[in-house]
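Trainee: Quick note on numbering: the sequence shown equals residues 1 to 80 in UniProt numbering.
We treat Cβ as the ideally placed atom computed from N, Cα and C, and that holds for glycine.
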Amino acid sequence: MEGNAFLLRVPCPNARRRILSQPLWQIDGQTMFVAKWAPGLQQVKPELEMVPVWLEFTGVPLQFFNEDALQEIAGIVGHP
Numbered sequence: 001m002e003g004n005a006f007l008l009r010v011p012c013p014n015a016r017r018r019i020l021s022q023p024l025w026q027i028d029g030q031t032m033f034v035a036k037w038a039p040g041l042q043q044v045k046p047e048l049e050m051v052p053v054w055l056e057f058t059g060v061p062l063q064f065f066n067e068d069a070l071q072e073i074a075g076i077v078g079h080p
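Spelled out as structure tokens, the structure:
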């Protein structure tokens, strides 16, 4: 493997399925793309259509602390 690529062996089938079920992981603030290895696999950074972000709302009045209002506020940044 080259560059920032890693090859991991996950012997537990359930853990492997769980890991491969989500191609994008965030670990300790670092984004990691995962894919099942196969001979001849080319290291390609996948195109992102959507990226999860953490928002911290400060100064929001108490009456807006409900699911509808917070989704409306989050919708200003993107699609919640």
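#1: Rounded to a whole number of angstroms, what is the C-alpha to C-alpha distance between VAL77 and PRO23?
#2: Kindly identify the DSSP beta-bridge partner or partners of LEU24.
#3: In the DSSP assignment, the alpha helix (DSSP H) including ALA5 goes from what residue to what residue?
#4: Beta carbon of VAL34: closer than 7 Å to some heavy atom of the ligand COA?
#5: In terms of residue numbering, what span does the alpha helix (DSSP H) encompassing ALA69 cover?
#6: Give the straight-line distance between the Cα atoms of PRO39 and PHE64, rounded to the nearest whole angstrom.
Mentor: On the basis of the coordinates in this document:
#1: 23 Å
#2: PHE33
#3: No alpha helix (DSSP H) holds ALA5; DSSP gives it neither H nor E.
#4: No copy of the ligand COA appears in this structure; indeed no ligand is present at all.
#5: 67 to 74
#6: 53 Å
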